[in-house]
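Have a look at the structure below before the remarks.
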Amino acid sequence: MNELGPRRLLVLGGTGFLGARVVSAAAELQHEVLVASRGLNERGAPPPGRAQAVVLDLSEAGTCEDLIIEFRPHSIINCAALARPDLCESSPELAQTVNAGLPDRLARLAFSEGIRLVHVSTDLVFDGEPPRPSGYRESDPASPVSTYGLSKLEGDRRILEGCPSALVVRLPLLYGGTSGEADGASGSIAAALKRGKSLSLFTDEYRTPLDVSEAARAMLELDAGEARGLLHVGGPRSISRFDLGLLVLRNLGIESDESSGLLHGVTRQELDLKPQRPRDVSLDSRLARDQVSFRLSTPEDRLLAPGFNK
Ligand SMILES: NC(=O)c1ccc[n+]([C@@H]2O[C@H](COP(=O)([O-])OP(=O)(O)OC[C@H]3O[C@@H](n4cnc5c(N)ncnc54)[C@H](OP(=O)(O)O)[C@@H]3O)[C@@H](O)[C@H]2O)c1
């Protein structure tokens, strides 16, 4: 792995759940950061540190190309996406434009300009029936069951065809704070529980969740390294959404679900699943362990750590 010297980074989608953490972590490392996103004002906060920001609709061809030529980043980190599966189902053309068309444009430009390109993808490119208990490896064929997964897989393909030196990081379900915004797996569960809303969560749907701040830190280390192609960066443990919900309850100081009555475990069969949800998209991330300098935490490590994101 290379040393993390200061670099000039363009973070696309740097206002999103993941992108904002990438920008904060990059600012802490003294990188020069330019954030390009559509709604910089929606989340209110200015970018941290020395980060600069521009508002762009990245779905429009030509928008980021001029910016890249002008800013001449060492790296482009693409966190921009239509990342909500329900929105992808209702707007499949937009999903294709943002999740596949944008990566296509970025790959061509990064290749012709010799710029490092790190693109974020998802475990939802898989169909949910992993070929082994340890989960999906990079070499396993992807076969998405949703419009979101299909558009993201197309993005992966176009990145690697257009820029073979690029890195596509496939991330798992991301969780983060339980106090602030309702973003991410733990935030959305916590926000509902704090409103006293009871939740039904799947007991038989599995992911390898990762703390969003650790994902951001790993992305920056990988950007500074030489990895290329596909890389899975999932958490070290496969758990159900219901078990993640129990950890969020404990993080909020509610020790017993039975007494709270707030969480209900349901099976996939009990609910009408639309859009299609894969059963088990756990990622086997053994290759990433050699590329990242720190140990990725389990949800227990993070959510039960004293004061985590409260
Ligand atoms: N969250 C997860 O659990 C998870 C899991 C696996 C993989 N991922 C991947 O991680 C990446 C980031 O996801 P996220 O959860 O951080 O999503 P997010 O919170 O929805 O952020 C997406 C970012 O992209 C920007 N964006 C979308 N369309 C745009 C457009 N047309 N022009 C300019 N900016 C645009 C958004 O800006 P606006 O807010 O202004 O629209 C936002 O900054 C995605 O590639 C996603 O597939 C996420």
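Count along the sequence shown starting at 1, add 220, and that's the number in our numbering.
Virtual Cβ for every residue (Gly too), placed ideally from N, Cα, C.
No heavy atom of ligand 1 is found nearer than 8 Å to the CB of Pro-293.
DSSP, read as helix, strand or coil, puts Thr-423 in coil. DSSP places Gln-511 in no alpha helix (DSSP H); its state is neither H nor E. Per DSSP, Val-453 has no beta-bridge partner at all. Arg-352 places its beta carbon 9 Å or farther from that of Leu-503. Counting along the chain, Gln-316 sits inside the alpha helix (DSSP H) bounded by residues 312 to 316. In this structure, the straight-line span from the alpha carbon of Ser-354 to that of Ser-371 is close to 25 Å. Using a Cβ distance threshold of 9 Å, Ala-273 and Leu-254 count as a contacting pair. Taking the Cα positions, Ala-447 is about 40 Å away from Leu-419. In the DSSP assignment, Ala-256 falls outside any alpha helix (DSSP H) and within the unbroken beta strand (DSSP E) covering 252 to 257. The beta carbon of Phe-422 sits no closer than 8 Å to any heavy atom of ligand 1. Contact check for Arg-497 against Ser-295 fails: the beta carbons are separated by 9 Å or more.
Between the region 460 to 470 and the region 420 to 429, the count of Cβ pairs shorter than 8 Å is three or higher; the stretches touch.
In this structure, Ala-301 has its beta carbon less than 8 Å from a heavy atom of ligand 1.
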